[in-house]
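Using the working numbering, you'd call the opening residue of the sequence shown number 10 and step up by one each time. All residues carry an ideal CB built from backbone N, CA and C; glycine is no exception. Only a predicted model underlies this, so the values are computations on that prediction, with no experimental measurement involved. Read the structure below first, then the notes.
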Amino acid sequence: MNKEGITKFIRRKEVLGIFLVLFIVFGFYSVKLMSASPYMVTTHKIGTYREEGTLKHEAYLEPNDLYGYRLTMDNYPIPLVDRFLLTYNYRSQPPLSEGSYHIVVKAEYYVNKGNEEIILWEEPLFDERGNLTDGGFSAEYVLDMKGFENTSKRISNELGVKRLKNRITIETTVTGTGSVGGREIRENFDHTVELVRDSTAELYYFTDTSKAEKRALTETVRTEKDASVLGITSDLGTAQTVTTVLALLMLIPLLGYVYTSRAPKDELSKIRPYVVKGAPGPVEKVVELKTPKDLETTFELIDKPILHYIEGDEEVYAIIDDGVSYEYRKPLPGEGKEAN
């Protein structure tokens, strides 16, 4: 099939209709796929990590008829307490494979200046460092409260501050590494417990004796999406490109048809009202006009009707004046169209 035959085939209405339908189909898929993300992101749980630190306390009491010698309770009468046995336990699950701990019991002596707290003296009562065993450790310390009271009085006298306050804190720090669900983790754990001496109620009590932390570890997976177009499945990125290209290809014949089917510009529009159908009789001389502009100029000069007729395969526009024919000729339009 030659080029002219292909052009005629494409210009057929049923063929153009097929191109239009295909353009709409591929254009729809292109717009739909372009608005979609090419990847699907999913998050799933790979494991849970838990760690907990707990301070257990037990008081050794002065001789009494009520509580006996040893006692564990939330609040301890100050006059009866001789000393505390403090036991701190830390555990991690799954156990950290490597790690270390630092636990320190310290006394702070301070005064209040408005809302500000001024620490005048502090000293460690117990300080221990070590490595974790099976992801945990345990440490014990005996806190002599009678000895602490005597030390507090001595420091108050040396500082010359009668309203000197004091407190005891147990601070624990753990650092380590481990593995959860095949992922390496690095952990930092801090826990502070305070022994409060309530002089008004004459009671000792501990704050925040237990601290537990738990967190889930997740993994994010990015998977390339698939798309199905007219029964053909491919990855989304390829489908986006192919549908866009096909939509543009289907649009080309439609645009070509719209462009070529436009009515041609009438070169004789200005003088068309003065054109009459008819052929001239014999003339003595023929003057050939090259362009429609030449015909228009000749008409303005001679001011006579323009004859229009067909001669062979040409359209002829002629102005007759004194036996002279001023003629502009142009080929007949193709495809059997009548002359304008």
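The Cβ atoms of P47 and G246 sit closer than 8 Å to each other. By the CB criterion at 8 Å, I177 and Y97 fall outside the cutoff.
Of the residues assessed, H200 falls on the buried side of the cut-off, its CB having 16 or more other CB atoms within 10 angstroms. When the five nearest sequence neighbours on each side are left out, the beta carbons in the same chain lying within less than 8 Å of the beta carbon of Y76 are those of L70 and L89, in order along the chain. Nearest Cα to L204 within the set L255, S165 and K115: K115. Non-local C-beta neighbours of F146 in its own chain, meaning closer than 7 Å and more than five positions away in sequence, comprise Y99, Y110 and G139, ordered along the chain. Of all C-beta pairs linking the segment 228-235 to the segment 207-217, fewer than three are shorter than 8 Å, placing the two stretches out of contact.
In the DSSP assignment, T307 falls within the alpha helix (DSSP H) that extends over P301 to I311.
For G185, the secondary structure class from DSSP, reduced to helix, strand or coil, is strand. Nearest to N159 by alpha-carbon distance, out of N175, E149 and H53, is N175. With a 10 Å radius around the Cβ and a threshold of 16 neighbouring Cβ atoms, T300 comes out exposed.
For M49, the three-state secondary structure derived from DSSP is strand. CA-to-CA, the gap between V230 and T52 works out to about 6 Å. Just so you know, the alpha carbons of L341 and K286 end up roughly 16 Å apart. For K162, the enclosing alpha helix (DSSP H) begins and ends at M154 to L168.
Residue pairing for N197: DSSP places it in a beta bridge opposite T184.
Taken through DSSP and simplified to helix, strand or coil, E211 comes out as coil. Sorting L29, G36 and V30 by C-alpha distance to the C-alpha of T250 places G36 at the top.
An exposed status is given to P282, since fewer than 16 other beta-carbon atoms sit within 10 Å of its beta-carbon. For D136, the enclosing beta strand (DSSP E) covers residues E125 to N140.
Within its own chain, the residues whose Cβ lies closer than 7 Å to the Cβ of Y38, once the five positions on either side in sequence are excluded, are V238 and T252, listed in chain order.
Looking at Y335, L31, E196 and G144, the one whose alpha-carbon comes closest to that of P314 is Y335. Separation of D312 and E297 (C-alpha to C-alpha, rounded to the nearest whole angstrom) is 18 Å. The closest CA to that of E67, considering only E293, F93 and R59, is found on F93. For P72, the secondary structure class from DSSP, reduced to helix, strand or coil, is coil.
Assignment of L341 by DSSP, reduced to helix, strand and coil, places it in the coil class. Burial check for R206: the Cβ neighbour count within 10 Å reaches 16 or more, so the residue is buried.
Under the three-state reduction of DSSP output, Y38 falls in the helix class. Put simply, the backbone Cα of L29 is about 25 Å away from that of A45.
Closest in alpha carbon position to Y150, among E167, V34, I112 and N124, is I112. Nearest Cα to I329 within the set T218, V292 and G56: V292.
In the DSSP assignment, Y97 falls within the unbroken beta strand (DSSP E) covering V90 to Q102.
Here the C-alpha atom of L168 lies approximately 8 Å from the C-alpha atom of L129. Taking C-beta separations shorter than 8 Å and ignoring five residues to either side along the sequence, the partners of L304 in its chain run L277, I280, L298, I315, Y326, I328, Y335 and Y337, following chain order. By the beta-carbon neighbour count (other beta carbons within 10 angstroms, threshold 16), E309 is exposed. Apart from sequence neighbours up to five positions away, the residues of its chain that approach E117 with a beta-carbon distance below 6 Å are I128, E131 and R176, ordered along the chain.
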